[in-house]
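In our numbering, the protein residues as written are 169 to 255. Just so it is clear, CB atoms sit at the ideal spot from N, CA and C, and this is done for glycine as well.
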Amino acid sequence: MAYKITNDCIGCGSCETECKNEAIKQGEDTYVIDPDKCTECVGWFSKSKCVEVCPVDACITDPAHKESNEQLLQKWHKLNPGKTPEA
Ligand code: SF4
Ligand code: SF4
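Structure follows, in structure tokens:
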């Protein structure tokens with residue numbers, strides 16, 4: 169399940185620099201997550217980095233993008249060709 173950013177976002181930008189899939193960009197009102205690039209940090213970390221660094225808990229799972237661990241790992245491989253998963 170990809171993550172999404174709620175309207176609670178205060179635009180600090182911390183999550184953007186932490187996302188190793190480069191899934192987070194500055195949007196019009198809040199930062200936004202590209203569900204095609206978010207792997208819930210599967211492949212990189214055991215916990216989601218954006219959730220860890222967000223000071224206002226604005227990063228939440230998006231029920232509109234349900235995916236299994238296997239699907240998330242497949243997505244990670246597509247985004248990071250030739251690399252070995254670190255988590
Ligand atoms: S959960 Fe991980 S991959 Fe997804 S947007 Fe947050 S930092 Fe990026
Ligand atoms: S870390 Fe939280 S408050 Fe900061 S830009 Fe990301 S979602 Fe917004």
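- Straight across, the Cα-Cα distance linking residue 225 with residue 201 is about 14 Å.
- Just measuring C-alpha positions, the residue of 229, 215, 252, 246 sitting nearest residue 172 is 229.
- With a threshold of 16 other beta carbon atoms within 10 Å, residue 211 meets it and is buried.
- The DSSP assignment places 182-186, 217-221 as complete runs of the alpha helix (DSSP H) inside the region 171-228, in order along the chain (cut-off: 4 residues).
- A check of alpha carbon separations from residue 213 across 188, 198, 192, 180 identifies 188 as the nearest.
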